[in-house]
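Asks: Shown below is the structure under consideration.
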Amino acid sequence: MKQFLWRFHGGLHLEGRKELSNQVPIRPAPLPNYLILPLLQHIGEPTEPVVQIGDRVLKGQIIAHCHSNHDCSLLMSSPIHASSSGTVTAIEPRPVPHASGYSATCIIIETDGTDTWMPLQPLPHYSQMSPETVRRHVAMAGIVGLGGAGFPAHLKLKSTGIETLIINGAECEPYITCDDRLMQEFPQQIIEGALILSHALGGAKRCIIALEDNKPHAFHALTQVPQTQVEIIKVPTLYPTGGERQLIKVLTDKELGRSRIPSDLGIVVQNVETTRAVYRAVLKGRPLVSRVVTVTGNGIERPQNFEVLLGTPISLLLDACGRKTGLDQLIMGGPMMGLSLPTDELPVIKTSNCFIASNTGELVNNSLPTMPCIRCGSCAEACPINLLPQQLYWFSKGKDFTKLKQYHLFDCIECGCCAYVCPSHIPLVNYYRYAKAHIRTQERERKKADQALQRHEFKLFRLAREKTERRLRHQAAAQKNPPEGN
Ligand code: SF4
Ligand code: SF4
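First residue of the sequence shown? That's 0 in numbering that gives the first Met the number 0, and the numbers climb one at a time after it.
And the structure:
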């Protein structure tokens, strides 16, 4: 049956550079001597350690949990598991992958070299269990969006009235090939994972795996799996088709309005690797302790994909790929939306899908001078969200935060299309990021001030009430026991 597809506004045809790393099978990365596991590897609340220095741990054991009741399925959080067996040697701040190079609390495990799993608890008969049971199992397995977003997977499964489940294999950013290799090598697991997700959603009517048409081998592998419940759909290669809004538009012609989420349209989108992690958690009992990571770029001899234990130092991966001398840029994610990292002495975390090492400035040419905006309009033509990037730029520059909100700054997905086409080489996304951070800080401070004012007003009210109560008590006592002699 012919599948109708639609087109979103803007977008770019980019040079993929995927052939660098998608030619060879996924290999296991070396087992490191120590693992660095940050307590926050997802969007939401950080976890709290449930181990102490000196504890022996097994692979798959929970080492950090959501605060309060230890039931992560209720919270915007996700537990952290030991990704190999060994001994906890420290719980302390360490640098983590972040643009600002900041440090956060991490649990350090010295591995014992045996990589011994704790007893695993799969749910082989999941289809006879309630969706809620499966959802809680996914939550306790520590699964978050592995496409780079890090949104706890169990929260999306809480949605009700879901008609369409989309498994996102678009992988539209240049260089990244981990999803492509996964679909080529583990198509059966991805399809089974999709069926588990559908069950956890109470039975989505339609289940789709969507991938860009630049992945013919992955498409072939998926279509060879004998099954009839999951549609495999090729979509045109156009950046950023892998964005949720864009993929929904292409597949269903539905527009996700401002400030709305896919479940408002009866749709849930999960990434291909997240889907495979759900398969492993439910049918094998394996919590999330590893992921596939693309290591690529011209700063290494042998670009490839690894199955990497979470917490592995990035430097170990670069060494395993034959690091060249003179590394001048390291990016986590893709060249359009990724984070530039200040060092490779940082751990792989749940959202690390790709590292691009460059030794020739091949990624971002910062040497081109920024020129004044010539109001050419190219940025608006390229914007997949249909925003007005040049206006956002002027308002960001002028710190006009009211106007920025009116022009929907927070709908910007920071895809970088506008900056990519700008003939004046204006680093537009940097302006938007700065403005967003400023507005968020302002709002946090206003909220804090409002709360402080409320507390102060309540204190005044309480003092006045106590004073009145005291006066009334004294009056009542005086009436009951009038002074003698009156
Ligand atoms: S593309 Fe650059 S020069 Fe053209 S309007 Fe946008 S910001 Fe201005
Ligand atoms: S970075 Fe933001 S403004 Fe620029 S093209 Fe992408 S969504 Fe539009």
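Don't be surprised by glycine CBs; every beta carbon is placed ideally from N, CA and C.
For the segment 261-279 against the segment 162-172, do three or more pairs of beta-carbon atoms, one drawn from each stretch, fall closer than 8 Å, so that the two count as touching?
Replies: With a cut-off of 8 Å, the segment 162-172 and the segment 261-279 count as touching, because enough Cβ pairs lie within range.
Asks: Tell me residue 58's beta-bridge partners as DSSP assigns them.
Replies: Per DSSP, 116.
Asks: Touch check for the segment 188-208 and the segment 221-230: three-plus C-beta pairs under 8 Å?
Replies: Verdict: yes, contact present.
Asks: In terms of alpha-carbon separation, which member of 476, 262, 339 lies closest to residue 154?
Replies: Measuring from the Cα of residue 154, the nearest candidate turns out to be 262.
Asks: Going along the chain, which residues of its own chain have a beta-carbon closer than 6 Å to the beta-carbon of residue 485, five neighbours each way excluded?
Replies: Caution is warranted here: a pLDDT of 48 is assigned to residue 485, below 50, making its placement in the model unreliable, and no coordinate value can be reported.
Asks: Any chance the CB of residue 415 is under 8 Å from a heavy atom of ligand 2?
Replies: True, at least one ligand heavy atom lies under 8 Å from that Cβ.
Asks: In this structure, how does DSSP classify residue 485 when only helix, strand and coil are distinguished?
Replies: With a pLDDT of only 48 at residue 485, under the threshold of 50, the placement of this residue in the model should not be trusted; the figure read from the coordinates follows. Coil, per DSSP.
Asks: With DSSP as the reference, label residue 269 as helix, strand or coil.
Replies: Strand, per DSSP.
Asks: Using a threshold of 9 Å, state whether the C-beta atoms of residue 288 and residue 304 are closer than that.
Replies: Their beta carbons are not under 9 Å apart, which means residue 288 does not touch residue 304 by this criterion.
Asks: Expressed to the nearest angstrom, what Euclidean distance is found between the alpha-carbon atoms of residue 373 and residue 425?
Replies: Roughly 11 Å separates the two Cα atoms.
Asks: Report, in whole angstroms, the separation of the C-beta atoms of residue 107 and residue 89, which I expect to be a contact under 8 Å.
Replies: At roughly 4 Å, the Cβ-Cβ gap stays under 8 Å, so residue 107 and residue 89 are in contact.
Asks: Can you grab the Cα-Cα spacing for the pair residue 118 / residue 21, in whole Å?
Replies: For residue 118 and residue 21, the distance between alpha carbons rounds to 34 Å.
Asks: Thinking just about the alpha-carbon of each residue, which of 308, 470, 410, 277 is nearest to the one in residue 494?
Replies: Shown here, the chain extends from 0 to 485; a query on residue 494 therefore has no answer.
Asks: Can you grab the Cα-Cα spacing for the pair residue 77 / residue 38, in whole Å?
Replies: In a straight line, the C-alpha of residue 77 is about 9 Å away from that of residue 38.
Asks: Does residue 416 pass the burial test, meaning 16 or more other C-beta atoms within 10 Å, or should it be called exposed?
Replies: Burial call: buried.
Asks: Grab me the residues of residue 299's own chain with a C-beta within less than 7 Å of its C-beta, minus the 5 sequence neighbours each way, in chain order.
Replies: Correct list, in chain order: 317, 320, 321, 322, 323, 356.
Asks: Assuming residue 237 and residue 10 form a contact by the criterion Cβ under 8 Å, report the distance between their Cβ atoms to the nearest whole angstrom.
Replies: Indeed they touch by this definition, with Cβ atoms about 4 Å apart.
Asks: Suppose you measure from the CA of residue 80 to the CA of residue 280; what does that come to, to the nearest Å?
Replies: The straight-line gap from Cα to Cα measures roughly 13 Å.
Asks: When the Cβ atoms of the segment 173-183 are set against those of the segment 107-116, are three or more pairs found closer than 8 Å?
Replies: Flag = no, the segment 173-183 and the segment 107-116 do not touch.
Asks: Do residue 379 and ligand 1 come close, with the Cβ less than 8 Å from some heavy atom?
Replies: Correct: residue 379 has its Cβ closer than 8 Å to ligand 1.
Asks: Exposed or buried, residue 19, counting other C-beta atoms within 10 Å across all chains shown (16 or more means buried)?
Replies: Buried, since its Cβ has 16 or more Cβ neighbours within 10 Å.
Asks: Tell me the rounded alpha-carbon separation between residue 185 and residue 15.
Replies: Those two C-alpha atoms are separated by around 23 Å.
Asks: Residue 168 bridges to which residues according to DSSP?
Replies: The partner list for residue 168 (beta bridge, DSSP) reads 210.
Asks: For residue 64, name the three-state secondary structure that DSSP assigns.
Replies: Three-state result, residue 64: strand.
Asks: Out of curiosity, what's the CA-to-CA distance linking residue 178 and residue 147?
Replies: Whole-angstrom Cα-Cα distance: 12 Å.
Asks: Report, in whole angstroms, the separation of the C-beta atoms of residue 389 and residue 381, which I expect to be a contact under 8 Å.
Replies: Not confirmed; about 11 Å, so no contact.
Asks: With a threshold of 8 Å (Cβ to nearest heavy atom), would residue 418 be considered close to ligand 2?
Replies: Yes; taking the cut-off as 8 Å, the Cβ of residue 418 has a heavy atom of ligand 2 nearer than that.
Asks: So, does the CB of residue 394 fall closer than 9 Å to a CB anywhere in chain B?
Replies: In summary, chain B is missing from the structure at hand, where a single protein chain is found.
Asks: Any heavy atom of ligand 1 closer than 8 Å to the CB of residue 427?
Replies: Indeed, a heavy atom of ligand 1 lies less than 8 Å from the Cβ.
Asks: Given the structure, does residue 389 come close to ligand 1, in the sense that its CB is under 8 Å from one of the ligand's heavy atoms?
Replies: True, at least one ligand heavy atom lies under 8 Å from that Cβ.
Asks: Express the C-alpha separation of residue 275 and residue 233 in angstroms, rounding to a whole number.
Replies: Approximately 19 Å between the Cα atoms of the pair.
Asks: How about residue 335 and residue 13: are their beta carbons less than 9 Å apart?
Replies: Yes; because the gap between Cβ atoms is below 9 Å, this pair is in contact.
Asks: Looking at ligand 3, does it come within less than 8 Å of residue 373, judged from the CB to the closest heavy atom?
Replies: Ligands present in the displayed structure are limited to ligand 1 and ligand 2, and ligand 3 is not among them.
Asks: Would you say the beta carbon of residue 334 is closer than 8 Å to some non-hydrogen atom of ligand 1?
Replies: For ligand 1, not one heavy atom lies less than 8 Å from the Cβ of residue 334.
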